[in-house]
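Per my numbering, residue 13 is the first one in the sequence shown, and the count goes up by one each step. Accompanying notes for the structure given below.
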Amino acid sequence: MLSVFTYTLRSHRIGLLAVSVGLFVMSLIIVYTFDAFGGLEAFADLFESLPAPMTAMFRAQGGFGTSLTSYIALDYRHPVYIIAGLAFVLSVSGGAAAREIERGTALMLLASPMARWRYLAAKIGVLVVGAVVIVTMSWLGSLAGASLTGLAGDVEGGTLMLAQLNELGVLLAAGGIAVLLSAVSSDGGRTVSVTAGILTVMYFLDFVGAIWGPAEPLAPLSIFYYFDPLAVATNGTTLLRDVVVLFGVGLAGFVAALVLFQRRDITR
13 MLSVFTYTLR
23 SHRIGLLAVS
33 VGLFVMSLII
43 VYTFDAFGGL
53 EAFADLFESL
63 PAPMTAMFRA
73 QGGFGTSLTS
83 YIALDYRHPV
93 YIIAGLAFVL
103 SVSGGAAARE
113 IERGTALMLL
123 ASPMARWRYL
133 AAKIGVLVVG
143 AVVIVTMSWL
153 GSLAGASLTG
163 LAGDVEGGTL
173 MLAQLNELGV
183 LLAAGGIAVL
193 LSAVSSDGGR
203 TVSVTAGILT
213 VMYFLDFVGA
223 IWGPAEPLAP
233 LSIFYYFDPL
243 AVATNGTTLL
253 RDVVVLFGVG
263 LAGFVAALVL
273 FQRRDITR
């Protein structure tokens, strides 16, 4: 099991490094843009001029808050953060089972006396570790930016950590869906495509539900509905509902994947 974990982690080390460093730098730069906007008052004026769909994308219809912490947390919902994190998740999950079966390497790896569920659990372990590294690097980038700009005293590191915990939940929920699809498929490309399609529909439901009343009841069907880092920064704590739903979806997906992969025929 450990050999599968290290093999998989080594295979994805470049992608994980690229995403982690990229989001670290982005988080650092975002803090620098705070002064470029002219501080809270200037940014508030700019924010009020944005169209409703734009503020809905960041879940900031009621404003972005009154602190540097809320300004940083607001940007955690930027599509770049979401897409970069999900790119790594889809890369790992697509190869968790489906791509290995497609290439025939799964049969070789499972030729040793190893239970299938342990094999897949090692793959899931890489996904979880990678997701933790990504959100941690984003958080450290924000702290580094605050320190370099002399604004460390205005940033609540603990609150930003909770906001990143919220993002970790999104990545694991998406990972649970993707690994489940991978466990029942023999085509890695199809797994990634179908998962990307599902996540795109979910993002659309969350976005449309925020700006169009008739679609609002559909928004809770999206995992992105439970991703609200600005609310975390404003309240100083993460919502229990969001944590339960996101981590619950991820856990359910992983468990179902382990059970189904243990039982399926991987020779075809």
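Cβ atoms here follow ideal geometry from the backbone N, Cα and C, with glycine treated the same way. Computed from a predicted model, the values in this text were never measured in an experiment.
The Cβ-Cβ distance between Ser39 and Gly162 does not fall below 8 Å. Nearest Cα to Ser234 within the set Gly169, Asp254 and Gly170: Asp254. Considering only Val267, Leu132 and Val101, the residue with the shortest C-alpha distance to Val16 is Leu132.
Sequence-distant Cβ neighbours of Gly200 in its own chain, meaning closer than 7 Å and more than five residues away, are Gly106, Gly107, Ala110, Arg111 and Glu114. Val267: member of the alpha helix (DSSP H) spanning Leu252 to Arg275, first to last residue. Secondary structure at Asp240: coil, using DSSP grouped into helix, strand and coil.
Ile189 and Val147 have their alpha carbons spaced roughly 19 Å apart. The C-alpha of Ala134 is placed about 37 Å away from the C-alpha of Ser82. Cβ-Cβ distances below 6 Å link Leu21 to Val138 in the same chain, with the five nearest sequence neighbours on each side left out; the list follows chain order. A distance below 7 Å between beta-carbons, with the five flanking residues on each side excluded, links Glu228 to the following residues of its chain, in chain order: Gly221.
Contact check for Gly27 and Ser103: beta-carbon distance about 6 Å, within the 8 Å limit, so the pair qualifies. The alpha-carbon of Leu52 is positioned some 10 Å away from that of Phe59.
With a 10 Å radius around the Cβ and a threshold of 16 neighbouring Cβ atoms, Asn178 comes out buried. Burial check for Tyr238: the Cβ neighbour count within 10 Å reaches 16 or more, so the residue is buried. In this structure the segment 193 to 210 does not lie against the segment 84 to 95, because fewer than three pairs of beta carbons, one per stretch, are closer than 8 Å. DSSP, read as helix, strand or coil, puts Leu172 in helix. In its chain, beyond the 5 residues on either side, Met149, Ser150, Leu152, Gly153 and Ala156 have a beta carbon closer than 8 Å to the beta carbon of Phe36. Leaving aside the five residues that flank Phe100 on each side, the residues in its chain whose CB is nearer than 7 Å to its CB run, in chain order, Gly27, Leu28, Val31, Gly142 and Ile146. Val144 sits away from Gly265, with the two beta carbons spaced by 8 Å or more.
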